[in-house]
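Chains as they are written, first to last, in the working numbering: chain A, -17 to 415; chain B, -17 to 415.
Built from N, CA and C at the ideal position, the CB exists for glycine as well.
A quick note: this is a predicted structure, and the numbers were derived from the prediction, not measured.
Everything below concerns the one structure shown next.
There are 2 protein chains.
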Amino acid sequence: VDEGDLDEVYRLVEPLHEADIADLLELTPSERRGLLAISLGDLMSAEVLAEVNDYVREDIIDALPASQVAGLAGQLDTDDAVAIIEDMEEEDQQAILAELDPEDRAVIEDALSYPDESAGRIMQRELVAVPEHMTVGQLIDYLRDHQELTTEFWEVFVVDPQHKPVGTCKLSWIMRSQRKVPVSEIMKHEQTLIPVDMDQEEVALRFQKYALISAAVVDGAGRLVGVITADDIVHIIQEEADEDILRLSGAGEGDINEPISDSYKARVRWLIANLGTAMVASFIIAQFGAAIETMVALAVLMPIVASIGGNAGTQTLAVTVRALATNQLTQSNTMRSIWREIRVALLIGATIAVIAGLGAGLIFENWRLASVIAVAILCNISLAGLSGVAIPVLLDRLDQDPAVSSSIFVTMITDSMGFLIFLGLAVFSGLAG
Amino acid sequence: VDEGDLDEVYRLVEPLHEADIADLLELTPSERRGLLAISLGDLMSAEVLAEVNDYVREDIIDALPASQVAGLAGQLDTDDAVAIIEDMEEEDQQAILAELDPEDRAVIEDALSYPDESAGRIMQRELVAVPEHMTVGQLIDYLRDHQELTTEFWEVFVVDPQHKPVGTCKLSWIMRSQRKVPVSEIMKHEQTLIPVDMDQEEVALRFQKYALISAAVVDGAGRLVGVITADDIVHIIQEEADEDILRLSGAGEGDINEPISDSYKARVRWLIANLGTAMVASFIIAQFGAAIETMVALAVLMPIVASIGGNAGTQTLAVTVRALATNQLTQSNTMRSIWREIRVALLIGATIAVIAGLGAGLIFENWRLASVIAVAILCNISLAGLSGVAIPVLLDRLDQDPAVSSSIFVTMITDSMGFLIFLGLAVFSGLAG
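Structure below.
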C-alpha cells in the first residue's frame, strides 16, 4: 500500500477469508486504512465490513462512497446491517439509508427504533416460520420451491394463524423424520422466547443457560418477529465481559483501535475521581501530622495498610461483579455471600496481619508498633471484604451497573480507613503524637 | 427440604426446566444440596448435573451413589460427560468409569487422554459424516433409516475414504436442495478445522472470528474425530473472560460457590506477594525519613502520587490484557500500541499534574511543593502507561499468561517509583531534607 501498487495489494489479498481481510484492515495503521479499503475493490465485501472493529469500520466508511456502503449493507442479514449503521453519526446514517432500497430501509429503520443493545437490534428478520398442520414432506417441498427464503437457518419455527410461535423444530429432527409426519408432532413446545426489548446481556445469559443455538424473538403481542443465533451471542458475551473488566479498571471502551482523544476522555475522568478520593485520604493523614513528626516509621508503614486493603477489596469486588453479571448472585443468596466474604476476609486478614506484624516488629524492634500495624491490617482487610461485596450488591439493587463505580467507592474506603485506623491506633495506643 | 417433606419438594420442582433445577441447587446452601439432590429422584437428570457449577456438582456427586452418577453420565453427550468426570478426584473417577458400559468408558477415557482445556476435551463424538458421492436424497434416507445416529446436529461433514473432512454442508442447504443433487455439489470446501490438541481459548477465537455454529475436529493425521458446537463455546468465552478479570485482581477461581479454604489460599498468596511489593515501597520511603521529618506535607501527599499511578497503570493493563486475549494485539502492531499508550499517558499525566499541582499549591501555599507533585505525577503516569502495556506484552512473548502476574509488577513499579520520584524530587529541589 505504501508504494501505491494497488494491483499487487489486490493480488495478495485475494486468497484470504473475509475474516482475515478484516484482521488485515485492523492491523493497518489508521491513516492508510481508507486507501487499502479502496484498493481492495470487490474484495471489500459486506462480510469484511461486518467483521471489522467499530473504530476501524469508521475509517473505511469515511473513505468509501455512500452508495458503495449502502450496497454492502443491503447484502447483509438485517442484524449485521444494523450493527454497521447504528454506530454511524446521524448524518452518515441518513446518507446510507437514502441509498438503500425501500424494503431494506424499512427493515433497518424498524430495527433502529428498538433501544440500543436490545434483542430488536441484534435479531435478524430472515427466518422460516410454518403453520402447525404442515407435514415434514410439505415443509421440505416448500423450502425447495421458495428460493427467496433465507439460506442459513438452524430451526424452523411453527406458528399459529396470529403468527405467534407454538413450537420449534431443529432441522436435524426434521431430516430424520418420514415425509408424512406433521411438524407439530416432532416440534418442541417449550421454547425460550426472547422479548424484542430484552437487554442483550440478558439474552446472552438465556442462551448460555439453556444451551441454545437459535431462539425466536417476539414482539409485545407475542408475535414472531425475528431470530437470534448463537454466533451473534458469542460476540455479545465477549463484549459484555470485556466491558466489565474495562469498567472495573476505569478504562472506558478500552479498545486499542479507539482514537486517542476518546481514550483520554474516558480515562482522565476516572483518574480525576481517583484524585478526589486520594485527597480525602491525604486529608486524614494531615490530621496526624504531629504523630508522623514524632515517629517517621508511621509514614513508612502506612502505605502498606492502605495498599493491602485496596487489593483485598479489588479481589472481592471482581468476584462479586462477575457473580452479579452471570446471575449467580441473587436476592436469595446475598446474605450468605456477604457472610462468606466476611469469613474469607477474616482468615486472610489474620494471616497477613501476623506476617506484617512479625516483619515490622523484627525490623523496627518495636512490638507496640508491630501490634498496631497487625490490628490495622486485620481491620482494613475485613472492611475491604465487607465493602467489596456490599457496595456492588447495593449498586445493583439501585439499578446501577456495579462494574462502573464500585471500585472508586471501595478504594476510597480502604485507603481512607486504612490510614485512619493505622494512625488513629498509633496515637490511641500512646505510640506517637 | 428443611422440614424433611421430600415428596412436597418433588412436587414443587417437577414443572421446572433442567437449567432452572440446576439454579435451584446452586442457590441451596452447600450442606443441604446432597439431600435435595436425593429427594429429586428422577428429576435429578443428566442435564441438571451437566448444568450446575463445578463446586455444586461435587456436593451432589458425593451424595449420590456411584452407580446413579454413572447412569447419568452415560446418558450425556461425550463432551458433557467428560466435563463432569474430568473434575472429579482420581478415586471417584475410577469408581464412575467402572460403572459405565464399556463403549462409553472407552470414549470417555479417550477424551481424558487429551490435555485439559483442549479441543479433545470439549468436542463431542456424536456426529454425522457421509461420503462425497452421496446425493441429498440418499442422505435424507440414510438419516431416516439409522435411528441410532445422534439426534442433534447442525452440519453434515463430508469425508473422503480415509475419513478426512473434505467439506461441510449446513442442514439448511441440504433441505433446500433437490433429492438428486450430490452433497459434494452444495458443500462448502473451505471449512475451519480444529486440531484436537488446540487450546479451548484458541478454539473460541476461531468460532468468534468465522461466526461458526459448529466445526469439525481432526486428529494429527487429519481424520475427523469430533465436532464442537457454538453452545459450548458460549460457556468457554464466558469462562475465559471471567478468568482474566479474576486473575487481574488476584482472586483465583473466584467462584462464589468455591469452598472458603480454596478462596483463602488463592487470595492470600496474591496478598503476600502484594505485601512484598508494598515493603519495597516502604523501604524507599524509609530512605527519605529525614525529609519527611522536616516536612510532614510530603507524607500527606505521597500516597496521591502512588495511587494515581497505580490506577493509570491498571487502566492500560486492562486494555492490553484484553487486546492480547482477543488476538487484537499481535507482533505487527505492538510498537504502534506502545507508542499509542505513551501518548495517552502523557496527555492524562499533564492534565492530572496541573490539577493536583494547583490544588497542592493553593492548600499548602507552597509553589515549589506544587511543582514537585505535578512533575512526579506526570512522570509516574507516563511510567504507568509504559509498564501497563510493556509488561503484559513481554509476559505474553515469554508464553506466560499476562493476566496472572502483570498487575503485581505494574503496581510495584508505580508504587515504588511514585514514592521515589516524589520524595527524590523534593530533596533534589531543596524543598526538604
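Put S95(A) into one of helix, strand or coil per three-state DSSP.
-> Stepping through the first sequence from its first residue, residue 95(A) is reached at position 113. For S95(A), the secondary structure class from DSSP, reduced to helix, strand or coil, is coil.
Can a CB atom of chain B be found closer than 9 Å to the CB of H(-1)(A)?
-> Position 17 of the first sequence holds residue -1(A). By this cut-off, H(-1)(A) is an interface position.
Where do the N-terminal and C-terminal ends of the alpha helix (DSSP H) with K191(B) fall, by residue?
-> Here residue 191(B) is taken as the residue at index 209 of the second sequence, counted from 1. Where K191(B) is concerned, the enclosing alpha helix (DSSP H) starts and stops at Q182 to Y192.
Between which two residues does the alpha helix (DSSP H) harbouring I395(B) extend?
-> Residue mapping note: residue 395(B) aligns to position 413 of the second sequence, counting from 1. Per DSSP, I395(B) belongs to the alpha helix (DSSP H) from P384 to F410.
Where the beta strand (DSSP E) through M196(A) begins and ends | By one-based count along the first sequence, residue 196(A) stands at place 214. Contrary to the premise, residue 196(A) reads as Ser rather than Met in this sequence. Unbroken beta strand (DSSP E) run through S196(A): S196 to V200.
Quick one: which residues of the region 145 to 177 of chain A get their C-beta closer than 8 Å to a C-beta of chain B? List them in chain order.
-> Of all residues in the region 145 to 177 of chain A, K152, L153, S154, W155, I156, M157, R158, S159, Q160 and E172 have a Cβ within less than 8 Å of some Cβ in chain B.
Identity of the residues DSSP links to A111(B) by a beta bridge = Residue mapping note: residue 111(B) aligns to position 129 of the second sequence, counting from 1. DSSP lists F139(B) as partners of A111(B).
Are the C-beta of D397(A) and some C-beta of chain B separated by less than 9 Å?
-> Residue numbering aside, residue 397(A) sits at position 415 when the first sequence is read from its first letter. Chain B places a beta carbon closer than 9 Å to that of D397(A), counting this residue as a contact.
Chain B partners of T133(A), CB-CB under 9 Å?
-> Numbered from its first residue, the first sequence carries residue 133(A) at position 151. Within chain B, the residues K152, S154, W155 and R158 have their CB atoms less than 9 Å from the CB of T133(A), given in chain order.
Taking only beta-carbon atoms, is E130(A) less than 9 Å away from chain B?
-> Locating residue 130(A) in the first sequence gives position 148, counting from the first residue. No, its Cβ sits nowhere closer than 9 Å to a Cβ of chain B.
Determine the chain A residues that contact H471(B) at a beta-carbon separation under 7 Å, and present them in chain order.
-> Given a span of -17 to 415 for chain B in the structure shown, any question on residue 471(B) remains unanswerable.
Do we get a CB-CB distance below 9 Å when we pair F401(A) with the residues of chain B?
-> Numbered from 1 along the first sequence, position 419 holds the residue referred to as residue 401(A). Interface residue, yes.
Cα-Cα separation between V199(B) and L228(B), rounded to whole angstroms | In the second sequence, the residue the question calls residue 199(B) occupies position 217. In the second sequence, the residue the question calls residue 228(B) occupies position 246. Rounded to whole angstroms, V199(B) to L228(B) spans 30 Å at the Cα level.
Have a look at Q220(A) and D226(A) and give me their C-alpha separation to the nearest angstrom.
-> By one-based count along the first sequence, residue 220(A) stands at place 238. By one-based count along the first sequence, residue 226(A) stands at place 244. For Q220(A) and D226(A), the distance between alpha carbons rounds to 10 Å.
Please report the Cβ distance between M284(B) and F404(B), rounded to the nearest whole angstrom; I am assuming they are in contact, meaning their Cβ atoms lie under 8 Å.
-> For this step, residue 284(B) is matched to residue 302 along the second sequence. For this step, residue 404(B) is matched to residue 422 along the second sequence. Contact flag correct, Cβ pair sits at about 5 Å.
How many whole angstroms separate the CB atoms of S364(B) and L328(B), which I take to be in contact at a CB cut-off of 8 Å?
-> Along the second sequence, one-based indexing puts residue 364(B) at 382. Along the second sequence, one-based indexing puts residue 328(B) at 346. L328(B) and S364(B) do touch by the CB rule: their CB atoms are close to 6 Å apart, below 8 Å.
Residues from the region 311 to 323 of chain B in contact with chain A, defined by Cβ distance under 9 Å = Listed by position along the chain: L311, T312, S314, N315, R318, S319, R322 and E323.
Three CB pairs or more closer than 8 Å across the region 358 to 377 of chain A and the region 394 to 404 of chain A | Touching, yes, given that three or more Cβ pairs across the two stretches are closer than 8 Å.
Within chain A, partners of N256(B) - CB distance below 8 Å = Taking the second sequence and counting its residues from 1, one reaches residue 256(B) at position 274. By Cβ distance, chain A contributes S289, I290 and N293.
Compare the Cα-Cα distances from Y192(B) to each of N293(A), L407(A), M399(A) and A212(A) and report the closest residue.
-> Position 210 of the second sequence, counted from the start, is the residue given in the question as residue 192(B). Comparing Cα-Cα distances from Y192(B) to each of N293(A), L407(A), M399(A) and A212(A), the minimum goes to A212(A).
Contact between the region 140 to 160 of chain B and the region 60 to 72 of chain B: three or more CB pairs below 8 Å?
-> Not touching, per the Cβ criterion.
Determine, using beta carbons only, whether L419(A) comes closer than 9 Å to chain B.
-> It is not possible to answer for residue 419(A), since the shown part of chain A is limited to -17 through 415.
Whole angstroms is fine: what's the gap from R161(A)'s alpha carbon to Q160(B)'s?
-> Numbered from 1 along the first sequence, position 179 holds the residue referred to as residue 161(A). Numbered from 1 along the second sequence, position 178 holds the residue referred to as residue 160(B). Near 14 Å, if we compare the C-alpha coordinates of Q160(B) and R161(A).
Of the residues R379(A), S12(A) and A28(A), the one placed nearest H(-1)(A), counting alpha carbons only = If you number the first sequence from 1, residue -1(A) lands on position 17. For H(-1)(A), the nearest C-alpha among the options comes from A28(A).
Looking at the unbroken beta strand (DSSP E) that takes in P177(A), where does it start and where does it end?
-> By one-based count along the first sequence, residue 177(A) stands at place 195. Taken as a continuous stretch (DSSP letters only), the beta strand (DSSP E) holding P177(A) covers L175 to P177.
Contacts that R304(B) makes with chain A (C-beta to C-beta distance below 8 Å) | One-based indexing of the second sequence puts residue 304(B) at position 322. Residues of chain A with a Cβ closer than 8 Å to the Cβ of R304(B) are, in chain order, D224, I227, L228 and G236.
At least 3 beta-carbon pairs within less than 8 Å: the region 229 to 245 of chain B vs the region 385 to 393 of chain B | Yes, the region 229 to 245 of chain B is in contact with the region 385 to 393 of chain B.
Where do the N-terminal and C-terminal ends of the alpha helix (DSSP H) with I210(A) fall, by residue?
-> For the purposes of this step, residue 210(A) is taken as the residue at position 228 of the first sequence. Counting along the chain, I210(A) falls outside any alpha helix (DSSP H), though it belongs to the beta strand (DSSP E) covering L206 to T211.
Counting only beta-carbon atoms, is V278(A) nearer than 9 Å to chain B?
-> To locate residue 278(A), count along the first sequence from 1; it is residue 296. So yes, V278(A) belongs to the interface.
Check the Cβ of P11(B) against every Cβ in chain A and list those closer than 9 Å, keeping chain order.
-> Along the second sequence, read from residue 1 onward, the residue named residue 11(B) stands at position 29. Residues of chain A with a Cβ closer than 9 Å to the Cβ of P11(B) are, in chain order, N315 and R318.
Three-state secondary structure (DSSP) at P374(A)?
-> The residue given as residue 374(A) occupies position 392 in the first sequence. Per DSSP, reduced to three states, the secondary structure at P374(A) is helical.
N-terminal and C-terminal residue of the alpha helix (DSSP H) that K170(A) is part of = As a position in the first sequence, residue 170(A) is number 188, starting the count at 1. It is not in any alpha helix (DSSP H) - K170(A) carries neither H nor E in the DSSP assignment.
Straight-line Cα distance separating D237(A) from F135(A) | Position 153 of the first sequence holds residue 135(A). Position 255 of the first sequence holds residue 237(A). Roughly 32 Å separates the two Cα atoms.
Are the C-beta atoms of S95(B) and some chain A residue less than 9 Å apart?
-> Your numbering for residue 95(B) matches position 113 in the second sequence. For S95(B), the answer is no, since every Cβ of chain A falls outside 9 Å of its Cβ.
Does DSSP put P164(A) in a helix, a strand or coil?
-> By one-based count along the first sequence, residue 164(A) stands at place 182. P164(A) falls in the strand class under three-state DSSP.
Can a CB atom of chain B be found closer than 9 Å to the CB of S231(A)?
-> If you number the first sequence from 1, residue 231(A) lands on position 249. Chain B contact via Cβ: present.
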